[in-house]
Amino acid sequence: MVNTVSAASARRIALAAQGFARPRPAAVGKRQLNALIGRIGLLQLDSVNVFERSHYLPVFARLGAYDKAALDALTFARGGDYVEYWAHEAAVIPVETWPLLRWRMQHYRDKHVADLSAWAHANAPMIDWLKAELAEKGPMPASAIEHDANKRSGPWWGWSDVKIGLEVLFRWGELASAGRTRFERNYALPEQVLPASVLEKSVPRAEAQRELVRHAAVAHGIGTAGDFADYFRMGRADTVAAVQSLAEEGVLLPVSVEGWKQQAWLHRDARVPRRVEASALLSPFDPVVWDRKRAERLFGFHYRIEIYTPAPQRVFGYYSLPILLGEKVVGRIDLKNDRQAGVLRVQSAWHEEGVSPDIAGQVAPLVRAAAEWQGLTDVTVNDWGTLALPLAAELARV
1 MVNTVSAASA
11 RRIALAAQGF
21 ARPRPAAVGK
31 RQLNALIGRI
41 GLLQLDSVNV
51 FERSHYLPVF
61 ARLGAYDKAA
71 LDALTFARGG
81 DYVEYWAHEA
91 AVIPVETWPL
101 LRWRMQHYRD
111 KHVADLSAWA
121 HANAPMIDWL
131 KAELAEKGPM
141 PASAIEHDAN
151 KRSGPWWGWS
161 DVKIGLEVLF
171 RWGELASAGR
181 TRFERNYALP
191 EQVLPASVLE
201 KSVPRAEAQR
211 ELVRHAAVAH
221 GIGTAGDFAD
231 YFRMGRADTV
241 AAVQSLAEEG
251 VLLPVSVEGW
261 KQQAWLHRDA
271 RVPRRVEASA
281 LLSPFDPVVW
291 DRKRAERLFG
301 FHYRIEIYTP
311 APQRVFGYYS
321 LPILLGEKVV
331 GRIDLKNDRQ
341 AGVLRVQSAW
351 HEEGVSPDIA
361 GQVAPLVRAA
371 AEWQGLTDVT
381 VNDWGTLALP
391 LAAELARV
């Protein structure tokens, strides 16, 4: 018999799995940072810096104010416990996860080899030269490599052949990340930064995918096969096979979730709290909301990021952050960090349909805390959005 889980319970399970049912620590140090990354499995990277880079925000949402330099020292240390790869998009992952993605590295390599029009076919000498250069000089960013081909081929986003070659090798797993400098990735040969235990570990494809799905199920607590597939960007057929294997072992339990059309699965160790008292601003790339379909299914929250939408056509703003209060996503807020002026600018603020604007009283302290964490001394609110005026009034009191 398949048990039925209420929609409210599913939300609480999902939030608890992501660390939102735990009290925030009095202080945030290495132990708390390691525990958090271990729980959610990765931190997605993104270059947008209008408020703050995305990988810093899930930590702030769960643990509160912390020293970003401490996270940098932990995640971007050369030869440390973390490395970057294409997990859920570009992400920081524990080094132990790297071997579980070798099948993806091989997939990228096979795809390029089979495509005679691929850049790698016409640029084999460049690929060999780049590996030799890094072997001789050690880890370095693309900008530090001296080569006639290290020139942009177009506007600011146009990559040089050097950068393209480094990224191709990075995807193939023939290069690894060696930290970042001013957010620019440093590239290295894997043996220069990864421990021998990681380099020598060979995991069969099916076993690796099974372990990735297990990680995803732990991080989600409850979800569909599609939810688990999205966590590490896996194919559906591979994920379904892994889910079935985990179900046969009793790691995943089949359940029916109220309002969900798809078969759901509950991790056997998932917590089912009676209540969740979260209070956080979420990154657009936070695991709670990065899968837009799951966010809508869990929270009734229709969410689209509008970075690439022309300004006159934006509905909510350039970089709106979902607002999590309790166990519900109750609104969204577009923040801009005016570092030069020392001001956090609320470009727009909205409450969701059916949510009272009285939530401004709970959102104002979140905004103030975000400003303080960023070292900003003031907050201004633009008159755009259903929550803007109530929030401005509350901020005047905080």
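In terms of UniProt numbering, the sequence shown has 25 at position 25, counting the first letter as 1, and numbering is strictly consecutive. Ideal Cβ positions, reconstructed from N, Cα and C, are used throughout, including at glycine.
Other residues of its chain near residue i: CB distance less than 7 Å, five sequence neighbours each side excluded
{"i": "Gln32", "result": "Pro25 and Leu63"}
{"i": "Thr100", "result": "The residue you asked about is not Thr; residue 100 is Leu in the sequence shown. If we look at Leu100 and ignore the five residues flanking it on each side, its Cβ neighbours are Val203, Ala208, Glu211 and Leu212."}
{"i": "Leu298", "result": "Ala10, Arg11 and Ala14"}
{"i": "Ala77", "result": "Gly179"}
{"i": "Pro357", "result": "His351, Thr386, Leu387 and Pro390"}
{"i": "Gln374", "result": "Glu52, Asn337 and Leu344"}
{"i": "Pro155", "result": "Summary for Pro155: the model assigns pLDDT 44, below 50, so the residue's position carries little reliability, and this model does not support an answer."}
{"i": "Glu89", "result": "Gln44"}
{"i": "Ala216", "result": "Phe228, Tyr231 and Phe232"}
{"i": "Ile307", "result": "Val48, Tyr318 and Tyr319"}
Burial state of residue i (16 or more Cβ within 10 Å)
{"i": "Thr377", "result": "exposed"}
{"i": "Arg214", "result": "buried"}
{"i": "Ala328", "result": "One point to set straight first is that residue 328 is Lys, not Ala, in the sequence displayed. By the neighbour-count rule (16 or more Cβ atoms within 10 Å), Lys328 is buried."}
{"i": "Glu52", "result": "buried"}
{"i": "Arg287", "result": "Looking at the sequence itself, residue 287 is Pro, so the reference to Arg does not match. Per the 10 Å Cβ criterion, buried."}
{"i": "Asn337", "result": "buried"}
{"i": "Gly41", "result": "buried"}
{"i": "His55", "result": "buried"}
{"i": "Ala196", "result": "exposed"}
{"i": "Val113", "result": "exposed"}
{"i": "Arg294", "result": "buried"}
{"i": "Gln262", "result": "exposed"}
{"i": "Gln313", "result": "exposed"}
{"i": "Asp334", "result": "buried"}
{"i": "Gln340", "result": "exposed"}
Own chain partners of residue i with C-beta closer than 8 Å, once the 5 adjacent residues on each side are dropped
{"i": "Ser9", "result": "Val272"}
{"i": "Trp157", "result": "The pLDDT assigned to Trp157 is 49, lower than 50, so where the model puts this residue is not dependable, and the model offers no usable value."}
{"i": "Arg236", "result": "Ala225, Gly226 and Ala229"}
{"i": "Arg268", "result": "Gly250, Val251, Leu252 and Leu253"}
{"i": "Thr380", "result": "Val343, Leu344, Arg345 and Val346"}
Under the three-state DSSP convention, the category residue i falls into
{"i": "Leu324", "result": "strand"}
{"i": "Ala278", "result": "strand"}
{"i": "Met140", "result": "strand"}
{"i": "Glu191", "result": "helix"}
{"i": "Asp286", "result": "coil"}
{"i": "Leu100", "result": "helix"}
{"i": "Lys201", "result": "coil"}
{"i": "Ser245", "result": "helix"}
{"i": "Val213", "result": "helix"}
{"i": "Ala373", "result": "As written in the sequence, residue 373 is Trp, which differs from the Ala given in the question. Trp373 falls in the helix class under three-state DSSP."}
{"i": "Trp129", "result": "helix"}
{"i": "Trp260", "result": "coil"}
{"i": "Gly221", "result": "coil"}
{"i": "Glu167", "result": "helix"}
{"i": "Trp119", "result": "helix"}
{"i": "Leu252", "result": "strand"}
{"i": "Glu318", "result": "A small fix is needed here, since residue 318 is Tyr in this sequence, not Glu. Residue state, collapsed to three classes: coil."}
{"i": "Glu89", "result": "strand"}
{"i": "Thr386", "result": "coil"}
{"i": "Gly69", "result": "Before going further, note that residue 69 is Ala rather than Gly in the sequence given. Three-state DSSP puts Ala69 in a helix."}
{"i": "Leu43", "result": "strand"}
{"i": "Asn34", "result": "helix"}
{"i": "Arg11", "result": "helix"}
{"i": "Gln18", "result": "coil"}
{"i": "Ala392", "result": "helix"}
Close-in-space but distant-in-sequence residues of the same chain around residue i (CB under 6 Å, 5 per side omitted)
{"i": "Thr4", "result": "Ser256"}
{"i": "residue 408", "result": "Residue 408 lies beyond the range of the chain shown here (1 to 398); nothing can be said about it."}
{"i": "Ser117", "result": "none"}
{"i": "Asp291", "result": "Asp230"}
{"i": "Gly385", "result": "Ser348, Ala349 and Trp350"}
Cβ-heavy atom distance, residue i to the ligand MN, below 7 Å
{"i": "Gln262", "result": "The model depicted lacks the ligand MN and carries no ligand whatsoever."}
Expected contact under 8 Å - CB spacing of residue i and residue j to nearest Å
{"i": "Pro139", "j": "Gln192", "result": "6 Å"}
{"i": "Leu74", "j": "Val59", "result": "So it is not a contact: roughly 10 Å between Cβ atoms."}
{"i": "Leu321", "j": "Ser283", "result": "7 Å"}
{"i": "Gly221", "j": "Ala270", "result": "4 Å"}
{"i": "residue 406", "j": "Val48", "result": "Since the first residue shown for the chain is 1 and the last is 398, residue 406 is missing from the structure and cannot be characterised."}
{"i": "Trp98", "j": "Val198", "result": "6 Å"}
{"i": "Ala70", "j": "Lys30", "result": "7 Å"}
{"i": "Leu389", "j": "Ser279", "result": "No, Leu389 and Ser279 are not in contact; Cβ-Cβ is about 21 Å, not under 8 Å."}
{"i": "Glu296", "j": "Ala7", "result": "At roughly 12 Å, the Cβ-Cβ gap does not stay under 8 Å, so Glu296 and Ala7 are not in contact."}
{"i": "Ala16", "j": "Leu45", "result": "About 25 Å separates the two Cβ atoms, so there is no contact after all."}
{"i": "Leu281", "j": "Ala370", "result": "6 Å"}
{"i": "Gly326", "j": "Val289", "result": "Not a contact, Cβ separation roughly 16 Å."}
Between the region 224-240 and the region 166-186, can you find at least three pairs of beta-carbon atoms closer than 8 Å? The answer is no - the region 224-240 does not touch the region 166-186, with fewer than three Cβ pairs under 8 Å.
Between the region 350-367 and the region 388-396, do three or more beta carbon pairs fall short of 8 Å? Contact between the region 350-367 and the region 388-396 is present: three or more C-beta pairs spanning the two stretches fall below 8 Å.
For the structure I just gave you, are there three or more beta carbon pairs, one from the region 303-318 and one from the region 78-86, closer than 8 Å? no
Would you call the region 129-143 and the region 239-248 touching, i.e. three or more CB-CB distances under 8 Å? no
Quick check: the region 185-198 against the region 169-177, are at least 3 beta-carbon pairs closer than 8 Å? yes
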